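**Student:** This is the structure I want to talk about, given as structure tokens.
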Amino acid sequence: MIVSDRLLIRLSPRGAAEIEATGFRCRRLGQATIAWMGEDAPAGHGEEIEILDTFAAETASSAPQIFNRIAWRDDTLTITSDPLNLKPLYVARDGEEVFFASRLLDLVKLRPALARPLDREALLALLVFGHVLDEQTLHQRIRRLPADSAATWSTAAGLQTTLRHGLISDLPDVMGALAHSLLTDIDAIISDHLHALPMPTGQRPIIALSGGFDSRILAARARAMNIPLQAYTYGRWRDRDAVIARWIARRLQLDHQLLPYPDDVLRRHRAHFLDVTEGQDDPSLLQIANLLSLPHPQGTVLLHGYGGGSLLGDNISNWMHDNAQNRPALLAAIVRKSGIPAAKASALASSLGLADDALIRRVSAAAEVEAYPYHHQALMAWDLKNRQRRFIGEHFGLLGHRFKVRAPFYDARLMKLCMALPAGLLEERLLDRLYLKQFFPRLAQIPHDQEATPVLPDVKDELLMALIDKLLRPTNIWRYTLGHDDQEAQRLMTESAAALSNIMRDVWDEAIDLPAAAASDQRVRKRIWGFVDYSRRLAKLI
65 MIVSDRLLIR LSPRGAAEIE ATGFRCRRLG QATIAWMGED APAGHGEEIE
115 ILDTFAAETA SSAPQIFNRI AWRDDTLTIT SDPLNLKPLY VARDGEEVFF
165 ASRLLDLVKL RPALARPLDR EALLALLVFG HVLDEQTLHQ RIRRLPADSA
215 ATWSTAAGLQ TTLRHGLISD LPDVMGALAH SLLTDIDAII SDHLHALPMP
265 TGQRPIIALS GGFDSRILAA RARAMNIPLQ AYTYGRWRDR DAVIARWIAR
315 RLQLDHQLLP YPDDVLRRHR AHFLDVTEGQ DDPSLLQIAN LLSLPHPQGT
365 VLLHGYGGGS LLGDNISNWM HDNAQNRPAL LAAIVRKSGI PAAKASALAS
415 SLGLADDALI RRVSAAAEVE AYPYHHQALM AWDLKNRQRR FIGEHFGLLG
465 HRFKVRAPFY DARLMKLCMA LPAGLLEERL LDRLYLKQFF PRLAQIPHDQ
515 EATPVLPDVK DELLMALIDK LLRPTNIWRY TLGHDDQEAQ RLMTESAAAL
565 SNIMRDVWDE AIDLPAAAAS DQRVRKRIWG FVDYSRRLAK LI
């Protein structure tokens with residue numbers, strides 16, 4: 065089997081055709097041309113090939129859980145897509161030909177005509193939520209293969225795709241002896257992943273330690289298993305997150321360093337970032353890119369804990385509310401709470417020629433396809449397949465070209481356990497708290513960084529921290545992720561909003577008159593900035 069993080073597939077009823085892609089290995093098999101980056105295919109397999117399309121970070125794992133499996137046998141291509149929807153695989157049709165690609169821009173380079181037209185509903189979702197929805201991309205002719213699906217292609221039958229519903233099938237019975245057995249099962253899954261960590265001689269795994277629960281749990285279990293860790297926290301001594309991370313490191317006796325945010329980290333990695341983010345740019349999340357500047361050799365193991373709480377359902381308490389007793393009301397609540405204010409979203413929809421309820425109808429339709437028996441399961445699935453696809457999946461793509469990232473929380477077994485739980489156990493990070501109380505009670509005494517009141521031992525220190533935060537702390541993270549002060553960042557965002565109409569005309573052959581009320585929203589302008597940068601990069605390819 066070939067393991068690769070980047071591949072291109074071209075299928076043609078008229079027979080295999082060459083793929084011109086620098087750096088790719090290429091093999092022509094009947095009607096298929098398959099190109100990939102990485103090791104060459106083993107000899108002796110004739111007209112068959114099997115590829116595990118996974119993040120480069122996962123190639124050393126004995127059982128990577130985030131992958132697409134591709135096989136060509138008997139003149140038929142079969143694809144089993146990633147059940148967690150984190151590793152993308154894009155599909156497009158051009159006449160009789162069908163294309164697949166791990167990276168969207170690789171597909172555009174191969175066939176520039178696929179870039180147009182723009183998907184206006186996807187652009188609306190990008191500006192409202194910060195990400196596109198479901199199988200959308202910004203390109204109407206390019207879709208993302210559905211999560212947890214099975215696809216086949218042959219000359220006779222063409223392309224056929226079916227959903228498998230793997231995460232909601234065969235859910236475990238968690239109601240009997242719930243607390244103890246469930247937490248033990250979760251601990252066993254995390255431990256399995258840590259046991260499988262590759263440990264090169266002279267290298268220690270590294271972990272980004274925060275004041276939250278996710279990295280705390282991974283660090284504690286690793287230390288209990290005598291796995292040596294090097295921990296890093298980005299920030300300043302007075303930051304609440306850094307204060308609590310230091311407490312955790314001392315309790316665990318970790319080698320821990322507090323590091324300042326490096327300048328221009330986004331600018332230095334901009335090209336790679338736009339390659340893996342589908343144009344969905346949110347610099348406030350790019351603190352994760354700071355890890356690329358760590359002084360460790362290529363291929364160092366990085367424990368990734370960010371987002372475990374979201375995977376375990378802690379967004380349930382943010383989205384569930386007393387007035388929403390049915391599925392449509394809950395889904396409408398997602399749209400309201402995850403996006404910009406309704407009036408601005410409505411103005412954007414109108415400017416793009418779309419109905420006010422376009423996004424609500426899309427979210428509702430996607431949830432009805434998935435036959436989740438309980439409302440909170442529909443919410444968790446939406447979170448995983450939409451927000452997590454962007455916030456977490458792109459972390460792997462961004463960090464994977466430097467580190468071997470291991471993400472124990474992103475495991476299908478763990479997801480099944482959590483999907484089977486009643487909503488009450490998933491609210492307010494309760495599952496994390498119960499886990500810490502059972503296995504690491506001393507760490508359970510240290511509060512979460514967002515909940516610590518007071519953080520420091522006495523009122524005087526707490527008041528001092530509040531004063532420092534008020535007087536010295538910047539209003540946002542721009543200066544640390546971009547190397548610009550707030551004024552410069554605002555100028556760049558404003559220029560991007562002003563350039564949007566020209567970009568739409570020059571790159572997409574479209575026209576849009578952005579409403580002033582929406583353009584004044586900082587979140588919308590940040591997203592326009594990302595879209596404009598992505599469009600400029602796209603223009604060089606088409």
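This note's numbering applies: residue 65 is where the sequence shown begins, and numbers increase by one.
Backbone N, C-alpha and C fix where the C-beta goes; we use that ideal spot for every residue, glycine too.
All values derive from a computational prediction rather than experimental measurement.
#1: So residue 115 and residue 66 are supposed to be a Cβ contact under 8 Å. How far apart are they, rounded?
#2: Looking at the strands, I want to know which residues DSSP matches up with residue 224.
#3: Would you check if the distance between the CB atom of residue 155 and the CB atom of residue 162 is smaller than 8 Å?
#4: Report the three-state DSSP secondary structure of residue 605 (helix, strand or coil).
#5: Using 10 angstroms around the beta-carbon of residue 301, count the other beta-carbons present and answer buried if the total reaches 16, otherwise exposed.
#6: Under three-state DSSP, which class holds residue 89?
#7: Per DSSP, which one or two residues make a beta bridge with residue 467?
#8: Between the beta-carbon of residue 449 and the beta-carbon of residue 198, is there less than 8 Å?
#9: Have a look at the DSSP bridge pairing and note the partners of residue 132.
#10: Secondary structure at residue 66, three-state DSSP: helix, strand or coil?
#11: If you reduce the DSSP assignment to three classes, tell me which class residue 595 lands in.
#12: Buried or exposed, going by whether 16 or more other CB atoms sit within 10 Å of the CB of residue 497?
#13: Judging by CA-CA distance, which residue of 589, 111 and 295 is the nearest neighbour of residue 554?
#14: Please work out which residues of its chain come closer than 7 Å, Cβ to Cβ, to residue 566, disregarding the five sequence neighbours upstream and downstream, and give them in chain order.
#15: Three Cβ pairs or more, each shorter than 8 Å: is that satisfied between the stretch 572-580 and the stretch 167-187?
#16: Count the other CB atoms, across all protein chains shown, that sit within 10 Å of the CB of residue 604; report buried if there are 16 or more and exposed otherwise.
#17: Count the other CB atoms, across all protein chains shown, that sit within 10 Å of the CB of residue 290; report buried if there are 16 or more and exposed otherwise.
#18: Okay, do the stretch 462-471 and the stretch 245-254 touch, 3+ Cβ pairs below 8 Å being the bar?
#19: Could you say if the stretch 591-599 and the stretch 556-565 meet the contact criterion of at least three C-beta pairs nearer than 8 Å?
#20: Might you give, ordered along the chain, the residues of its own chain that have their beta carbon closer than 8 Å to the beta carbon of residue 101, omitting 5 neighbours on each side?
#21: Just curious, the beta strand (DSSP E) that residue 163 is in, first and last residue?
#22: In the DSSP assignment, the beta strand (DSSP E) including residue 320 goes from what residue to what residue?
#23: Assuming residue 211 and residue 166 form a contact by the criterion Cβ under 8 Å, report the distance between their Cβ atoms to the nearest whole angstrom.
#24: Start and end of the alpha helix (DSSP H) containing residue 170?
#25: Strictly by DSSP, which residues pair up with residue 140?
#26: Look up residue 75 in the DSSP assignment and say whether it is helix, strand or coil.
#27: Mark residue 152 as exposed unless 16 or more other C-beta atoms lie within 10 angstroms of its C-beta, in which case mark it buried.
#28: Mind checking whether residue 132 and residue 453 have CB atoms under 8 Å apart?
#29: So residue 168 and residue 217 are supposed to be a Cβ contact under 8 Å. How far apart are they, rounded?
#30: Can you list, in chain order, the residues of its chain with a C-beta nearer than 7 Å to that of residue 309? Leave out the 5 residues immediately preceding and following it.
#31: Comparing C-alpha positions only, which one of 476, 490, 579 and 325 sits nearest to residue 147?
#32: Output the distance between the C-alpha atoms of residue 220 and residue 138, rounded to the nearest integer angstrom.
#33: Where does residue 459 sit, in a helix, a strand or coil, going by DSSP?
#34: Alpha carbon to alpha carbon, what distance is there between residue 492 and residue 207?
#35: Measure the C-alpha to C-alpha separation of residue 403 and residue 77 and round it to an integer number of angstroms.
#36: How about residue 463 and residue 352: are their beta carbons less than 8 Å apart?
**Tutor:** Taking the geometry as given:
#1: 5 Å
#2: In the DSSP output, where bridge partners are listed per residue, residue 224 has 216.
#3: yes
#4: coil
#5: exposed
#6: strand
#7: 364
#8: yes
#9: Partner(s): 117.
#10: strand
#11: helix
#12: exposed
#13: 589
#14: none
#15: Pairwise C-beta distances place the stretch 572-580 in contact with the stretch 167-187, as three or more of them are shorter than 8 Å.
#16: Its Cβ having fewer than 16 others within 10 Å, residue 604 is exposed.
#17: exposed
#18: no
#19: yes
#20: 68, 69, 70, 71, 87, 88 and 89
#21: 161-165
#22: 319-323
#23: Contact doesn't hold; Cβ gap of about 15 Å is too wide.
#24: 168-174
#25: 137 and 218
#26: strand
#27: buried
#28: no
#29: With a contact defined as Cβ atoms closer than 8 Å, residue 168 and residue 217 miss out at about 20 Å.
#30: 273, 274, 275 and 297
#31: Checked all of 476, 490, 579 and 325; the closest Cα to residue 147 is 476.
#32: 12 Å
#33: helix
#34: 35 Å
#35: 43 Å
#36: yes
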